[in-house]
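Comments concern the structure below.
There are 2 protein chains.
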Amino acid sequence: AARVIDGVKVYGTGGTAVRALDGLCAEFAAGAFTAIMGPSGSGKSTLLHCLAGLDQLTSGRAMIGDVCLGDLGDRAMTLLRRDRIGFVFQAFNLVPALTARENIVLPLTLGGRRPDPAWLAELTEALGIAGRLGHRPAELSGGQQQRVATARALITRPDLIFADEPTGNLDSKAAAELLTQIRRAVDDYRQTVVMVTHDPRAAARADRVLFLADGRVVRELRCPSA
Amino acid sequence: AARVIDGVKVYGTGGTAVRALDGLCAEFAAGAFTAIMGPSGSGKSTLLHCLAGLDQLTSGRAMIGDVCLGDLGDRAMTLLRRDRIGFVFQAFNLVPALTARENIVLPLTLGGRRPDPAWLAELTEALGIAGRLGHRPAELSGGQQQRVATARALITRPDLIFADEPTGNLDSKAAAELLTQIRRAVDDYRQTVVMVTHDPRAAARADRVLFLADGRVVRELRCPSA
Ligand SMILES: Nc1ncnc2c1ncn2[C@@H]1O[C@H](COP(=O)(O)OP(=O)(O)OP(=O)(O)O)[C@@H](O)[C@H]1O
Ligand SMILES: Nc1ncnc2c1ncn2[C@@H]1O[C@H](COP(=O)(O)OP(=O)(O)OP(=O)(O)O)[C@@H](O)[C@H]1O
Ligand SMILES: [Mg+2]
Ligand SMILES: [Mg+2]
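Residue numbers (this note's numbering), protein chains in the order written: chain A, 1388 to 1613; chain B, 1388 to 1613.
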């Protein structure tokens, strides 16, 4: 469903240049749930952003299906992201002026579509935020904001879900419920999930774990099926 | 060093009012390291903000030493926060236009003071961010931003350190190093630390753990000394 071939991403130039990705190769099969772990600063967010077309590789190729992201124009890239990709940002990136509900359905609204009320209710109930939908992000706790960001990535049932540390602000019960929702997306709807996490218990819910260090994949583990 | 007596915090009014703190009592002795755990939305950030004078209780008293925070004017509160309190925010609250170094020394700069170069070097080395000091927050990874926010709270060696989930974006090695720095502040310099966390391994480094639920303390555990 997605892959990176010899991905290099360099920020800056000259002496202070940072090689955030250093010849990274990774493949993410359709309908699989992959976790990505690694030290802070090892390139995990950079990998996710390049895979989702939010950032451009310096060299190498990022592909979604048979499409090389570097070949797409702005318009095509925007449509691909809106319709086929859901992204949970490490810093949430919620719109401050919109309510939680408006934030969640924003990708649908931008596409001129309406949410399925039953799916919206089911999703927000499962994530424990159904009672907070009328509030703006500043009126929500950190963990509630994180779950709103997750709901936004799931509401369109996109082919590809990229989640950047989606449980970092959650207690173990809320984290388990969120991971259950992600597991259902994969098991019941054959969506593809790539999740960055620092939490081994979250990684244990995936089908396999890729370990990054210094902008490269250094190890891969298959998870025994639960 | 700090305490809350019958703390009540209500957001909003009428039917949608939220009782974020519901008659909370807690005491934080000088020179002790207290962890606070509890479900997402249980009032942990609200408690920290009220203790640090960043928010006002609806009723009850928040005290630092013998001073009731509700009695202080804006000027006195600002000086207290700048000189005696360090706060690591759940969302970091870094200044986007300033470099990491400028963000870290901002509380000193605002007080017309300069950093001790040896202490700044030691702190940033220990937190693993010494090589990123010239970069602005947007050029840092999530975990690097979190460590810059932590360094800012520690640089003034304040009497009171409030840390709101300071390891949520860190791998286990970086988290352990950050907790070691916090432990040193308590053991070597008799600073007082109140740390909200969802991570049991972080809580295990504290002297005691308070458990919140629905805006109240429901349980307290003393940690066996390591
Ligand atoms: N400005 C506000 N207006 C309305 N409700 C608020 C506001 N700020 C916080 N709340 C609500 O108060 C409750 C407690 O929030 P708080 O941020 O203290 O939770 P928390 O324990 O820190 O959670 P987390 O672990 O998710 O960070 C939550 O239900 C939250 O939605
Ligand atoms: N715009 C930028 N300019 C310069 N350097 C950058 C920029 N963005 C990221 N970096 C650097 O690239 C490296 C990788 O960053 P990335 O955000 O991918 O790390 P990460 O693995 O997600 O870390 P974390 O676990 O802390 O979130 C880091 O050293 C970071 O400082
Ligand atoms: Mg990251
Ligand atoms: Mg909080």
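Note that CB positions come from ideal geometry on N, CA and C, so glycine has one too.
Residue from the options whose Cα sits closest to the Cα of residue i
| i | options | result |
| --- | --- | --- |
| residue 1479 of chain A | A:1529, A:1502 and A:1471 | A:1529 |
| residue 1569 of chain B | B:1428, B:1560, B:1495 and B:1541 | B:1541 |
| residue 1406 of chain B | B:1444, B:1415, B:1414 and B:1469 | B:1444 |
| residue 1449 of chain A | A:1412, A:1422, A:1503 and A:1431 | A:1412 |
| residue 1388 of chain A | A:1427, A:1488, A:1416 and A:1403 | A:1416 |
| residue 1471 of chain B | B:1477, B:1484 and B:1454 | B:1454 |
| residue 1483 of chain A | A:1397, A:1532 and A:1442 | A:1532 |
| residue 1571 of chain B | B:1561, B:1590, B:1557 and B:1544 | B:1544 |
| residue 1390 of chain A | A:1402, A:1397, A:1414 and A:1398 | A:1414 |
| residue 1577 of chain B | B:1592, B:1605, B:1607 and B:1546 | B:1546 |
| residue 1605 of chain B | B:1431, B:1466 and B:1396 | B:1431 |
| residue 1517 of chain B | B:1500, B:1487 and B:1499 | B:1487 |
| residue 1438 of chain A | A:1396, A:1489 and A:1490 | A:1396 |
| residue 1461 of chain B | B:1474, B:1477, B:1442 and B:1476 | B:1442 |
| residue 1507 of chain B | B:1465, B:1497 and B:1489 | B:1489 |
| residue 1607 of chain A | A:1401, A:1423 and A:1404 | A:1423 |
| residue 1473 of chain A | A:1500, A:1435 and A:1499 | A:1435 |
Whether residue i touches residue j by CB criterion (8 Å)
| i | j | result |
| --- | --- | --- |
| residue 1418 of chain A | residue 1573 of chain A | yes |
| residue 1601 of chain B | residue 1429 of chain B | yes |
| residue 1525 of chain A | residue 1564 of chain A | no |
| residue 1468 of chain A | residue 1425 of chain A | no |
| residue 1535 of chain A | residue 1599 of chain A | no |
| residue 1493 of chain B | residue 1538 of chain B | no |
| residue 1408 of chain B | residue 1433 of chain B | yes |
| residue 1603 of chain B | residue 1410 of chain B | yes |
| residue 1504 of chain B | residue 1495 of chain B | no |
| residue 1421 of chain A | residue 1597 of chain A | yes |
| residue 1557 of chain B | residue 1559 of chain A | no |
| residue 1562 of chain B | residue 1590 of chain B | no |
| residue 1394 of chain B | residue 1447 of chain B | yes |
Chain B residues whose Cβ lies nearer than 8 Å to that of residue i
| i | result |
| --- | --- |
| residue 1556 of chain A | 1427, 1477, 1552, 1555 and 1585 |
| residue 1396 of chain A | Those do not exist, as residue 1396 of chain A stays about 13 Å from chain B at its closest Cβ, beyond 8 Å. |
| residue 1561 of chain A | 1426 and 1427 |
Backbone secondary structure at residue i - three-state DSSP
| i | result |
| --- | --- |
| residue 1580 of chain B | strand |
| residue 1432 of chain B | helix |
| residue 1392 of chain A | strand |
| residue 1604 of chain B | strand |
| residue 1552 of chain B | coil |
| residue 1563 of chain B | helix |
| residue 1441 of chain A | coil |
| residue 1613 of chain B | The pLDDT assigned to residue 1613 of chain B is 49, lower than 50, so where the model puts this residue is not dependable, and the model offers no usable value. |
| residue 1399 of chain B | coil |
| residue 1535 of chain B | helix |
| residue 1589 of chain B | helix |
| residue 1468 of chain B | helix |
| residue 1452 of chain A | coil |
| residue 1511 of chain B | helix |
| residue 1497 of chain A | helix |
| residue 1406 of chain B | strand |
| residue 1541 of chain A | helix |
| residue 1413 of chain B | strand |
| residue 1478 of chain A | coil |
| residue 1571 of chain B | helix |
| residue 1418 of chain B | coil |
| residue 1557 of chain B | coil |
| residue 1492 of chain A | helix |
| residue 1457 of chain B | helix |
| residue 1447 of chain A | strand |
| residue 1596 of chain A | strand |
| residue 1425 of chain B | coil |
| residue 1518 of chain A | helix |
Beta-carbon neighbours of residue i, restricted to chain B and to distances below 7 Å
| i | result |
| --- | --- |
| residue 1531 of chain A | 1427 and 1428 |
| residue 1432 of chain A | 1528 and 1529 |
Interface partners of residue i on chain B, CB under 9 Å
| i | result |
| --- | --- |
| residue 1526 of chain A | 1398, 1399 and 1405 |
**Study point:** the stretch 1543-1558 of chain A in contact with the stretch 1582-1589 of chain A per 3-pair CB rule at 8 Å
**Key:** When Cβ pairs closer than 8 Å are counted between the two stretches, the stretch 1543-1558 of chain A is seen to touch the stretch 1582-1589 of chain A, the count reaching three or more.
Review point. Pairing CB atoms from the stretch 1520-1529 of chain B with CB atoms from the stretch 1543-1550 of chain B, are three or more of them under 8 Å?
Key: Counting Cβ pairs under 8 Å, fewer than three are found: no touch.
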